[in-house]
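S.K.: Below you'll find the structure I mean.
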Amino acid sequence: MPLYKLEDFEPSYREIFGGDDVKALNLYTQGGVRVGSVADALVDQDGRFRYLVIDTSFEGGSKKILLPIGLAHINYPENRVYVDGLSKEQVERLPEYHENIVVNEDYEQNVRNVYRSPNSQLTGEQGISSYQAPELYELNAQDQQTIKLYEERLIANKNRIKAGEVTVGKHIETETAQVSVPLQKERVVIERVTPTTETVVNSQELQFQEGEVARIELYEETPEIRKETVVREEVRVRKVVDSDTVEAQETVRREELDINTSGNLDVNETNTPRDRAI
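In the working numbering, the protein residues as written are 1398 to 1675.
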């Protein structure tokens, strides 16, 4: 059965664990001695933890080893992983883990033999399948249990829909327009005036003539009406965005943790949310 690195199997594994990262934990013995730090984790094809990859740092050297998950007690609030019965001698005897190593049945057998050695606190049959050793490969349900508390949240999103359409065009209207043009026209006024006094004209000097004509040219104005086109006004069409806030109200549910104890026990709760502290 193949094994996978945690991030290769599930790139968003941190979100699954609520932001906790097993790679950020240090490894300690139950006595408080730091053994090393968690470099990675190996899971099977069903996503079950099989091993923690530990970068050990004992005096005199360091190497990466595999720690079966059944021996680990993870404490995220303390950023620590505790292990029972891991000694320097066991670390030296464990096969070194490299990135290019294929963890097959033989490799796991070598790992299991070290943890089942007489110096360790584990006992069992050597011939048992590596996938059927609960004390090595199953999390200790008595020491660590997880209760997930769920809550509902309101998620607000926006959808852009077509609210309407405005069409702006133009058409032609007709009307009768009137304009007044003042015109001038010349006319002839003939006045015949009788002299108030009689003037005697010398008949020798006077010459009577026929056909004498006086010519006067008369002018008048005529209207000249034409049409011209001018820009009456400009219409500019544009869009503006008006902002508005819509408030929605809905009932959401949230699970709270109930802790009931009997007897004289000390129960410590860590990482209690500030707004829902017990």
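Built from N, CA and C at the ideal position, the CB exists for glycine as well.
Keep in mind the model is a prediction, meaning the values are calculated, not measured.
1) In angstroms with no decimal places, state the Cα-to-Cα distance between Glu1502 and Gln1442.
2) With a CB to CB cut of under 8 Å and the five nearest residues on each side skipped, what residues in its chain are close to Val1586?
3) Tell me the DSSP secondary structure of Glu1489 in three-state form.
4) So the candidates are Thr1594, Glu1407, Leu1654; which of them puts its Cα closest to the Cα of Glu1548?
5) Tell me whether Glu1522 sits in a helix, a strand or coil according to DSSP, three-state version.
6) Where Lys1460 and Arg1411 are concerned, what is the direct C-alpha to C-alpha distance, given to the nearest angstrom?
7) Measuring straight from C-alpha to C-alpha, what distance separates Arg1635 and Glu1625?
8) In this structure, how does DSSP classify Glu1588 when only helix, strand and coil are distinguished?
9) Give me the residue from Tyr1473, Gly1429, Lys1420, Ser1454 with the minimum Cα distance to Tyr1448.
10) Just mark Ile1413 as buried or exposed, buried being the case when its beta carbon has 16 or more other beta carbons within 10 Å.
11) Whose C-beta lies closer than 7 Å to the C-beta of Val1610 among residues of the same chain, with five residues either side of it excluded?
12) Helix, strand or coil: which one does DSSP assign to Gly1433?
13) Kindly indicate the opening and closing residues of the beta strand (DSSP E) around Phe1455.
14) For Arg1431, which of Ala1560, Ile1451, Tyr1504, Gln1506 has the nearest alpha-carbon?
15) Candidates Asp1417, Glu1505, Ser1454: which alpha carbon is nearest Glu1475's?
16) Please go through the region 1540-1628 and give each complete beta strand (DSSP E) segment of 3 or more residues, from N-terminal end onward.
17) Measuring CB to CB, does Leu1615 end up less than 8 Å from Arg1584?
18) Cα separation between Ala1436 and Asn1510?
19) Sorted by chain position, which residues of the same chain lie with C-beta nearer than 8 Å to Tyr1504's C-beta, five sequence neighbours on each side aside?
M.R.: Put simply:
1) Taking C-alpha positions only, Glu1502 is separated from Gln1442 by approximately 15 Å.
2) Excluding positions up to five away in sequence, the list is empty.
3) helix
4) Leu1654
5) Here Glu1522 scores only 42 on pLDDT, less than 50, and its place in the model should not be relied on; the value that follows carries that caveat. If DSSP states are grouped into helix, strand and coil, Glu1522 belongs with coil.
6) Looking at the two C-alpha atoms, the distance is approximately 26 Å.
7) 30 Å
8) Correct three-state label for Glu1588: coil.
9) Lys1420
10) It is exposed - the Cβ of Ile1413 has fewer than 16 other Cβ atoms within 10 Å.
11) none
12) strand
13) Segment: none, Phe1455 is in no beta strand (DSSP E) and carries neither H nor E.
14) Measuring from the Cα of Arg1431, the nearest candidate turns out to be Ile1451.
15) Asp1417
16) none
17) For Leu1615 and Arg1584, yes; Cβs fall inside 8 Å.
18) 22 Å
19) Taken in chain order, the residues that qualify are Pro1492, Ile1498.
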